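Peer 1:
Protein chains: 2
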Amino acid sequence: MALIVQKFGGTSVGTVERIENVAERIKKFRDRGDDIVVVVSAMSGETNRLIEMAYQIDEKPNAREYDVLLSTGEQVTIALLSMALNRRGVPARSYTGTQVHILTDSAHNKARILDINELNMRTDLDQGRVVVVAGFQGVDEKGNITTLGRGGSDTTAVALAAALKADECQIYTDVDGVYTTDPRVVPEARRLEKITFEEMLEMASLGSKVLQIRAVEFAGKYNVPLRVLSSFDEPNFDSDGVNGTLITYEEDKMEQALISGIAFNRDEAKLTILGVPDKPGVAHGILGPVGDANIEIDMIIQNIGADGTTDFTFTVHRNDFVAAKAVLNRVSNELGAREVIGDEKIVKISLVGVGMRSHAGIASKMFKALAEEGININMISTSEIKISVVVDEKYLELGVRTLHSAFGLAEKQS
Amino acid sequence: MALIVQKFGGTSVGTVERIENVAERIKKFRDRGDDIVVVVSAMSGETNRLIEMAYQIDEKPNAREYDVLLSTGEQVTIALLSMALNRRGVPARSYTGTQVHILTDSAHNKARILDINELNMRTDLDQGRVVVVAGFQGVDEKGNITTLGRGGSDTTAVALAAALKADECQIYTDVDGVYTTDPRVVPEARRLEKITFEEMLEMASLGSKVLQIRAVEFAGKYNVPLRVLSSFDEPNFDSDGVNGTLITYEEDKMEQALISGIAFNRDEAKLTILGVPDKPGVAHGILGPVGDANIEIDMIIQNIGADGTTDFTFTVHRNDFVAAKAVLNRVSNELGAREVIGDEKIVKISLVGVGMRSHAGIASKMFKALAEEGININMISTSEIKISVVVDEKYLELGVRTLHSAFGLAEKQS
Numbered sequence: 002m003a004l005i006v007q008k009f010g011g012t013s014v015g016t017v018e019r020i021e022n023v024a025e026r027i028k029k030f031r032d033r034g035d036d037i038v039v040v041v042s043a044m045s046g047e048t049n050r051l052i053e054m055a056y057q058i059d060e061k062p063n064a065r066e067y068d069v070l071l072s073t074g075e076q077v078t079i080a081l082l083s084m085a086l087n088r089r090g091v092p093a094r095s096y097t098g099t100q101v102h103i104l105t106d107s108a109h110n111k112a113r114i115l116d117i118n119e120l121n122m123r124t125d126l127d128q129g130r131v132v133v134v135a136g137f138q139g140v141d142e143k144g145n146i147t148t149l150g151r152g153g154s155d156t157t158a159v160a161l162a163a164a165l166k167a168d169e170c171q172i173y174t175d176v177d178g179v180y181t182t183d184p185r186v187v188p189e190a191r192r193l194e195k196i197t198f199e200e201m202l203e204m205a206s207l208g209s210k211v212l213q214i215r216a217v218e219f220a221g222k223y224n225v226p227l228r229v230l231s232s233f234d235e236p237n238f239d240s241d242g243v244n245g246t247l248i249t250y251e252e253d254k255m256e257q258a259l260i261s262g263i264a265f266n267r268d269e270a271k272l273t274i275l276g277v278p279d280k281p282g283v284a285h286g287i288l289g290p291v292g293d294a295n296i297e298i299d300m301i302i303q304n305i306g307a308d309g310t311t312d313f314t315f316t317v318h319r320n321d322f323v324a325a326k327a328v329l330n331r332v333s334n335e336l337g338a339r340e341v342i343g344d345e346k347i348v349k350i351s352l353v354g355v356g357m358r359s360h361a362g363i364a365s366k367m368f369k370a371l372a373e374e375g376i377n378i379n380m381i382s383t384s385e386i387k388i389s390v391v392v393d394e395k396y397l398e399l400g401v402r403t404l405h406s407a408f409g410l411a412e413k414q415s
Numbered sequence: 002m003a004l005i006v007q008k009f010g011g012t013s014v015g016t017v018e019r020i021e022n023v024a025e026r027i028k029k030f031r032d033r034g035d036d037i038v039v040v041v042s043a044m045s046g047e048t049n050r051l052i053e054m055a056y057q058i059d060e061k062p063n064a065r066e067y068d069v070l071l072s073t074g075e076q077v078t079i080a081l082l083s084m085a086l087n088r089r090g091v092p093a094r095s096y097t098g099t100q101v102h103i104l105t106d107s108a109h110n111k112a113r114i115l116d117i118n119e120l121n122m123r124t125d126l127d128q129g130r131v132v133v134v135a136g137f138q139g140v141d142e143k144g145n146i147t148t149l150g151r152g153g154s155d156t157t158a159v160a161l162a163a164a165l166k167a168d169e170c171q172i173y174t175d176v177d178g179v180y181t182t183d184p185r186v187v188p189e190a191r192r193l194e195k196i197t198f199e200e201m202l203e204m205a206s207l208g209s210k211v212l213q214i215r216a217v218e219f220a221g222k223y224n225v226p227l228r229v230l231s232s233f234d235e236p237n238f239d240s241d242g243v244n245g246t247l248i249t250y251e252e253d254k255m256e257q258a259l260i261s262g263i264a265f266n267r268d269e270a271k272l273t274i275l276g277v278p279d280k281p282g283v284a285h286g287i288l289g290p291v292g293d294a295n296i297e298i299d300m301i302i303q304n305i306g307a308d309g310t311t312d313f314t315f316t317v318h319r320n321d322f323v324a325a326k327a328v329l330n331r332v333s334n335e336l337g338a339r340e341v342i343g344d345e346k347i348v349k350i351s352l353v354g355v356g357m358r359s360h361a362g363i364a365s366k367m368f369k370a371l372a373e374e375g376i377n378i379n380m381i382s383t384s385e386i387k388i389s390v391v392v393d394e395k396y397l398e399l400g401v402r403t404l405h406s407a408f409g410l411a412e413k414q415s
């Protein structure tokens, strides 16, 4: 019926028994008539076992050899899964990254996919075989084994789906989809049936870590319909689409919800440099030294004051707070600024939804809801499809619940 | 100075620490100026771990996938060893069977090497790199991963040495060479400095399991000088050749000892079918059904009697004794033979030496020595370079010691 790429992560194939379960699931899809390409990760724990041996030998292991080592993890899984399928009478054939020829650049440990030769896979599919591909790995043009970096198996799956023009790319995880927000914070949080790629990118980068960002970007670029679903639930063939969350392009505005979800990030810290004499180049004068110290900056806000000075505020990862403050103190002297202040106990809450593009009043509704609960907003930052606010750490749960309720996210929207 | 292929088995690379030791050893050869190609097996225990998972899934695992699975074992070792070398400032690069392109036929689990592309290796050697190759594995012409079967790493090493026209192929094991006989039976047993390929074949097939027979055959065919030595001893660079045992072609008759060693085999059992009417085809009539039952036959002796009947005796592995006896009882009736008798408590002792080709009287000296100790000989079988006798099990140690002493094997011969 359909050509489906299915990706199973390390937990889903963590034991021989779970590999057997995955084989059973694939068999059900085959029995329905689907053509299946499977991408698997290393069995959970295996990659760490290999990494440990490497670091026993060298604290900076040779990058090329590190990839040779790590790529064995997925190779074990493809062999075992193919055995399990063949034993069930489902013809299957495994491929390493080299064999399927997932061509990458030569950036060991973080290679990027350049091209995929889908010929072998196509032949196998035509002959009724399930194709089982090792995720996370590829080969450069000289035949060296490369790896895509942690989480790269998602990218492999999306890239194969794009190359094969698959009908759907299914990413199996230990959660059953993307939620309006973290159900541990808001018990009424609802699984989304659909979310756009752009929203998913915002949700993922803001801390809802279901999918690798690179995989989502890749899927968006090649218009691959992505579905996130649980490897522990039974597949639901009666009503297609009820399982998991489908990540799709914004094409069907009628069905599009105003707001898709609420993301949050507990790991932020805020720094402000006050009374900086306002002249061209001041932003670079402040942020340059911070970047030189290898500190990543998230939100940035600058207000020009009336007295010819400016206040400059930005957020960093909480782990970088002390280092960033030290840099700022030095910069502050050099620039003749008044003072450096900081706050480690802040969080970021973000409202995400493509609907806000065409709807006015979302921001004011958000600020009003927070104000009614007495939640003071420290910083505001907006993009086309999200509004982020920084608030005191203690307001995180209250803030997320208030917004979840104010925008009616617990109810199915249409 | 020389181009040397070194092979390290599973025990020699069984832990990260031992891999570091192997790296140290290789560095010493590099420091001396040798070009080194290393072949390694999977870390000991690893192959069994993989096999166990496969058999949990299927008691007859898919042969192609079994090779994909098992080949990861050596891949882990090549990566770790290359890391250990690079960390020591010895540039090294690893190759899987696929990467070095060890072309084999497609007989999964027991593939045979057809060709080796030495181009990549040669380039690396020219650039001062140590080349680290995964043993035991290859690739067929369609790109499928194959394995050569257990012990195939020895064969890989010899094949690489042949392709590269190496000066020597060194097989590192947990023994320091080939002995005149098993030192556990004869404490005075002496390490041989040299042994011919033919003798080594006889010694190996007769139970002195130091090297894989296929590797020895391969080395003989391509005239590759093979050396067996211990991975636990320090390399001796002062007087070349003092380490281990060199297996060479019979070229230097002056130095050749009359007898090289005494092999023995405890796993034999003897069967005799008495009074078979003697007519053409009788050997096939007896051995055909035994072969059909998948029982391998070792020694065969037939005596023609005076009364138009013949006695037919052969030996099998002790595990096959009961099955072989059942077959013989049936055959005996069909052929009108008189009786079937058997003995499970026998052993085979063999005198091996290319010298016996050109020296008469070896056999009679052997029989005399055994007779003087009251050891009765059940069966005799000879080839060009060996004489085997079957005796009662209880005479094994006495027989081996007697012959070891009678032929003066404890003393260095010239």
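Chains as they are written, first to last, in our numbering: chain L, 2 to 415; chain G, 2 to 415. Here a beta-carbon is modelled for each residue, glycine too, at the ideal position from N, C-alpha and C. Here the structure is a predicted model, which is why all the values come from computation and not from measurement.
Kindly say whether residue 242/G, judged by its beta-carbon, lies nearer than 9 Å to any beta-carbon of chain L.
Peer 2: In this prediction, residue 242/G has a pLDDT of 48, which is less than 50 and means its spatial position is unreliable; nothing more can be read from the coordinates.
Peer 1: Quick check: the Cα distance between residue 111/G and residue 195/L, rounded to an integer number of angstroms?
Peer 2: If you take the alpha carbons of residue 111/G and residue 195/L, they lie about 51 Å apart.
Peer 1: Is it a yes or a no for the region 361 to 381 of chain G touching the region 322 to 337 of chain G, going by three-plus beta-carbon pairs under 8 Å?
Peer 2: no
Peer 1: When Cβ atoms are compared, which residues of the region 48 to 61 of chain L fall closer than 8 Å to chain G?
Peer 2: 51, 54, 55, 57, 58, 59
Peer 1: Which residue or residues does DSSP assign as beta-bridge partners of residue 387/G?
Peer 2: 353/G, 384/G
Peer 1: Indicate whether residue 83/L and residue 65/G have their beta-carbon atoms separated by less than 9 Å.
Peer 2: yes
Peer 1: Between the C-alpha atoms of residue 20/L and residue 43/L, what's the straight-line distance to the nearest angstrom?
Peer 2: Going from the Cα of residue 20/L to the Cα of residue 43/L covers about 11 Å.
Peer 1: Let me see if you follow: with CB-CB separation under 9 Å, is residue 237/G close to chain L or not?
Peer 2: Output row for residue 237/G: interface = no.
Peer 1: CA-CA distance, residue 167/L and residue 4/L?
Peer 2: 5 Å
Peer 1: For residue 255/L, count the other beta carbons within 10 Å of its own beta carbon; 16 or more makes it buried, fewer makes it exposed. Which is it?
Peer 2: Annotation note: pLDDT 49 at residue 255/L (below 50); position unreliable, no value reported.
Peer 1: Please report how far the alpha carbon of residue 16/G lies from the alpha carbon of residue 57/L, in whole angstroms.
Peer 2: As the crow flies, the alpha-carbon of residue 16/G is around 11 Å from that of residue 57/L.
Peer 1: Is it the case that the region 397 to 409 of chain L contacts the region 138 to 151 of chain G, given that we only count it when at least three CB pairs across the two stretches are under 8 Å?
Peer 2: Too few Cβ pairs lie closer than 8 Å, so no.
Peer 1: State the Cα-Cα distance for the pair residue 371/L and residue 260/L, rounded to the nearest angstrom.
Peer 2: 16 Å
Peer 1: What does the Cβ neighbour count give for residue 242/G, buried or exposed, with the cut at 16 atoms within 10 Å?
Peer 2: Note on residue 242/G: pLDDT 48, under 50, position unreliable in the model; no value is reported.
Peer 1: Quick one: list the residues of chain L neighbouring residue 190/G, beta-carbon separation under 8 Å, in chain order.
Peer 2: Chain L residues near residue 190/G: none, gap ~38 Å exceeds 8 Å.
Peer 1: Which residues, in chain order, does the region 31 to 42 of chain L contribute to contact with chain G at a C-beta distance below 7 Å?
Peer 2: none
Peer 1: Using the three-state DSSP reduction, which class does residue 328/L fall into: helix, strand or coil?
Peer 2: helix
Peer 1: List the residues of chain G that residue 84/L touches, going by C-beta distances under 7 Å, in chain order.
Peer 2: 55, 58, 59, 62, 63, 66
Peer 1: Could you check how far apart the C-beta atoms of residue 299/L and residue 317/L are, in whole angstroms? I think they sit under 8 Å.
Peer 2: 7 Å
Peer 1: Could you name the residues of the same chain whose beta carbon sits closer than 6 Å to that of residue 12/L, not counting the 5 residues immediately before and after it, in chain order?
Peer 2: 45, 175
Peer 1: DSSP state of residue 411/L, grouped into three classes?
Peer 2: coil
Peer 1: Going residue by residue through the region 13 to 60 of chain L, where are the continuous beta strand (DSSP E) segments of at least 3 residues, counting only ones entirely within it?
Peer 2: 36 to 41
Peer 1: Comparing the C-beta of residue 76/L with each C-beta of chain G, is any distance below 9 Å?
Peer 2: yes
Peer 1: Can you check the region 237 to 323 of chain L for any alpha helix (DSSP H) of at least 4 residues that lies completely inside it and give the ranges in chain order?
Peer 2: 283 to 293
Peer 1: Going by the beta-carbon positions, is the gap between residue 311/G and residue 303/G smaller than 9 Å?
Peer 2: yes
Peer 1: With DSSP run on the structure shown, which of helix, strand or coil describes residue 375/L?
Peer 2: coil
Peer 1: Residue 132/L and residue 37/L - do their beta-carbons sit closer together than 9 Å?
Peer 2: yes
Peer 1: What is the rounded straight-line gap between the Cα of residue 1/L and the Cα of residue 350/L?
Peer 2: Outside the displayed range of chain L (2 to 415) lies residue 1/L, so it cannot be described from this structure.
Peer 1: Under 8 Å by Cβ, that's how I've got residue 173/L and residue 7/L pegged, so tell me the actual separation to the nearest angstrom.
Peer 2: The distance from the Cβ of residue 173/L to that of residue 7/L is about 7 Å, consistent with a contact at the 8 Å cut-off.
Peer 1: Go ahead and label residue 305/G buried or exposed: buried means 16 or more other beta carbons lie within 10 angstroms of its beta carbon, across all protein chains shown.
Peer 2: exposed
Peer 1: May I ask you to report which of helix, strand or coil DSSP gives residue 159/G?
Peer 2: helix
Peer 1: Got a sec, what are the start and stop residues for the beta strand (DSSP E) residue 230/G sits in?
Peer 2: 227 to 231
Peer 1: Run the CB neighbour count on residue 74/L, radius 10 Å, all protein chains shown included, and call it buried at 16 or more, exposed below.
Peer 2: Classification for residue 74/L: buried.
Peer 1: Between which two residues does the beta strand (DSSP E) carrying residue 115/G extend?
Peer 2: 114 to 117
Peer 1: Could you tell me the distance, in whole angstroms, from the CA atom of residue 378/G to the CA atom of residue 411/G?
Peer 2: 24 Å
Peer 1: For residue 246/G versus residue 193/G, is the C-beta spacing smaller than 9 Å?
Peer 2: yes
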